[in-house]
Amino acid sequence: MLRFLATRVGLLIPTFIGVSLVAFGFIRLLPGDPILIFAGEHGITPERYHQVAMQYGFDRPIWTQYFHYLGNLLHGDFGQSIVTRRPVLREFITLFPATLELSVCAIVFAVIIGVPAGVLAAVKRGSVVDQGLMGTALVGYSMPVFWWALLLVIFFSGILHWTPVSGRMDLLYFFKPVTGFMLIDSLLSGQKGAFTSAVSHLILPTIVLGTIPLAVIARQTRSAMLEVLGEDYVRTARAKGLSPFRVVGIHALRNALIPVITTIGLQVGMMMAGAILTETIFSWPGIGKWMVDSVFRRDYPVVQGGLILIAGIIMIVNLVVDLLYGLVNPRIRHR
Amino acid sequence: MVETTNPTRADMPLKKVARDARRAMLGEFWHYFAENRGAVLGLALFVLLVVVAIFAPLIAPHGPAMQDRSALLVPPAWEAGGSSTYLLGTDAVGRDLLSRLIYGARFSLFIGVVVVGISLVGGILLGLVAGYFRGWIDIVIMRVMDVILSFPSLLLALVLVAVLGPGLVNAMISVALVLIPHFVRLTRAAVMAEAGKDYVVSARVAGAGPVRLMLKTILPNCLAPLIVQATLSFSEAILDAAALGFLGMGAQPPTPEWGTMLAEAREFILRAWWVVTFPGLAILITVLAVNLIGDGLRDALDPKLKRS
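Heads up: the protein sequence lines correspond to chains V and U, in order.
Per full-length UniProt numbering: the first sequence = residues 1 to 335.
Per full-length UniProt numbering: the second sequence = residues 1 to 308.
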């Protein structure tokens, strides 16, 4: 297990170097002078230009610049936003809980509905229920999420007036963020209605972000269950006279869930991509919207730093999923 | 194995055998594909889309850019206030929605074909090289693919478009680049599994060079998973390009690309449901058709499922 861990972690190092090269090269590939880009739209005086050039080391050879940049990264210096003048890392840390909260809700939503749906489809294989569920799952899997979000807004916000159109909280309520998670903070604040408001803001983004993972999980659960249901030990359990519920729910499901858990883990990484569209449409103040806004504002230091931080998170999540899978399934370790 | 000494005499029957075998394989493939009713439905939908795209100028009742100033935001024909001239209604500058959707089919299919073409060819070449030669070149290629996979695909495509400049061509290049790693990984794994087999060794002993070994001996035996992946990537390419269009980084207005149409329609979301609903529905139907085909292909090409 230790050797497995060491090789997997060792593989991260070249990948991280590659990621940092992409982020470093990105600014230099942009058309135009990087200093003018850093300066933003207000322009820059010649004296300041030289000062910035010295500060960022643009007068030195490109490799020295890269190692300087890499050194900064390792010290936790991810650059500074042109627009807000705040460190990129601090902005990231402020905004990350919003994305995490939304992603967790979306995954929970996807698992709670997706796993039972997949089990039901597998048990009723070939029936109308199975075909209906899997047809729906394929529609969900093919869904353009940005359009799905607009449809839900038209229906639930426009026609029924059930849910708000955007944001995380009504402006009526104001409290200091303690954890950064609206659901917890609104409870801690003790203000009446704050929690309900947080929930109502979460519902539509959760559904939108959770739809594709839900479809993937349902399909995966079904095929994993079908495989397991044909195994000898399931037949034995049936022959012993156990109730169908015990056989399916305990004997089969527990084994079928192993590949499903990997899928769920990998979906967490996909969340960051889905969050880009979902957060933009619902004005959800998280990482995805931050990145899109920064691309449009030409706030390139933020894009640069954000790329590395997001890639870092995805790399770590994938590593954890891999390790967990190795723990559950010893065969993987000895490849 | 004898034919290497005397190719002229032994080649004839072998070619016929090969042709028959191929026909039998195709027949078997179609048998399994047609068993999946969803896949046949998807294929029918897709063929219909291709026909619509090719004959767009003949089918569309109006030009895609033609504006009727007297008919702004006209609802669909069956709604109150609708008109039979504009079956699905008009947008905010009086363009016929149906005609724009019909022309939009051209863009979506074009995007799918070009993007998958680029990433399929690029991915196969890189995967063949990595899997066949191994060593440092394999390490370099695979680490670069790891780097690409470390970013959320849409984010990386978005940033690439920001570097290259917004537009349909740049959006397609970016999406193609983001999709390449899947093909590289699949090809490499398949090549590594095949490379040690007897038929490859015998071809090498017979004097086949690396290029012939890679492209003519090994590649045809790795195609099944690549075909399935190409179908999946086709739908992903359409979705990602539409998403970029929606974010304003893909095709630029007034191009009747479906994602771009959605972006233009967004501000009328609560006033005119049809300008938002129909372009998205078109994307969904196209992607769904491709995914249905993909499911059918997987069932038909995957020998593991065939037995059950």
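For every residue, glycine included, the Cβ atom is placed at its ideal position computed from N, Cα and C.
- Contacts with chain U at 8 Å (Cβ-Cβ) include S142 (chain V).
- For W273 (chain U), the chain V residues whose Cβ falls inside 7 Å of its Cβ are I154, in order along the chain.
- Contact between the segment 137-153 of chain U and the segment 78-87 of chain U is absent, with fewer than three C-beta pairs closer than 8 Å.
- Around I276 (chain V), the beta-carbon contacts reaching into chain U at under 9 Å are P152, L154, L155, L158, A243 and L247.
- Here the segment 207-214 of chain V lies against the segment 103-114 of chain V, with 3 or more beta-carbon pairs under 8 Å apart.
- In the assembly as shown, E257 (chain U) is a buried residue. Its beta-carbon has 16 or more other beta-carbons within 10 Å.
- Around the Cβ of V47 (chain U), a 10 Å sphere holds fewer than 16 other Cβ atoms; the residue is exposed.
- Taking 7 Å as the Cβ-Cβ cut-off, the segment 3-22 of chain V approaches chain U at P14, T15, G18, V19 and V22, given in chain order.
- Under the three-state reduction of DSSP output, T255 (chain U) falls in the coil class, being neither helix nor strand.
- Assigned with DSSP and collapsed to three states, Q67 (chain U) falls in coil, not helix or strand.
- Taking L292 (chain U) as the centre and dropping the five residues before and after it, the same chain places the C-beta of G38, A39, L41 and G42 closer than 7 Å to its C-beta, in chain order.
- Each of U:L247, U:P64 and U:F133 was checked against the Cα of G104 (chain U), and the nearest Cα belongs to U:P64.
- With three or more CB-CB distances shorter than 8 Å, the segment 106-117 of chain U counts as touching the segment 231-241 of chain U.
- For M225 (chain V), the closest Cβ of chain U is not nearer than 8 Å.
- By the C-beta density criterion, F146 (chain V) is buried, having at least 16 other C-beta atoms within 10 angstroms.
- Residue pairing of S83 (chain U) in beta bridges, as defined by DSSP: U:Y86.
- Distance between G241 (chain V) and V119 (chain V), taken at the CA atoms: about 20 Å.
- Using a CB distance below 9 Å, the part of the segment 114-145 of chain U facing chain V consists of I139, R143 and V144, ordered along the chain.
- Of all residues in the segment 202-230 of chain U, none comes within less than 7 Å of chain V when Cβ atoms are compared.
- Counting along the chain, the unbroken alpha helix (DSSP H) around I217 (chain V) starts and ends at A194 to L229.
- Runs of the alpha helix (DSSP H) lying entirely within the segment 223-276 of chain U, each at least 4 residues long, are 223-246 and 258-265 in chain order.
- Pairing T187 (chain U) with L128 (chain U) gives a Cβ-Cβ distance under 8 Å.
- If the five residues before and after A53 (chain U) are omitted, its C-beta is found closer than 7 Å to the C-beta atoms of A105, R106 and L109, all from its own chain and listed in chain order.
- DSSP places Y173 (chain V) in no alpha helix (DSSP H); its state is neither H nor E.
- A check of alpha carbon separations from P61 (chain U) across U:R19, U:P75, U:N36 and U:G89 identifies U:G89 as the nearest.
- Within 10 angstroms of the beta-carbon of S70 (chain U) lie fewer than 16 other beta-carbons, which makes it exposed.
- Chain-order list of chain V residues neighbouring N170 (chain U): empty, with the shortest C-beta distance near 12 Å, by a criterion of under 9 Å.
- The C-alpha of Q67 (chain U) is placed about 53 Å away from the C-alpha of L187 (chain V).
- Close partners of N291 (chain U) in chain V (Cβ separation under 8 Å): L138, Y141 and S142.
- Sequence-distant partners of T217 (chain U) (beyond 5 residues in either direction) whose C-beta falls short of 8 Å from its own C-beta, in its chain, are Y199, V200, A203 and A208.
- Listed as beta-bridge partners of Q80 (chain V) by DSSP are V:P87.
- In its chain, beyond the 5 residues on either side, I310 have a beta carbon closer than 6 Å to the beta carbon of M272 (chain V).
- In this structure, DSSP gives D185 (chain V) a helical state, which the three-state scheme calls helix.
- The segment 58-75 of chain V and the segment 12-21 of chain V touch, with three or more beta-carbon pairs separated by less than 8 Å.
- Under the Cβ criterion of 8 Å, A189 (chain U) is not counted among the residues facing chain V.
- R266 (chain U) belongs to the set of residues whose beta carbon lies under 8 Å from a beta carbon in chain V.
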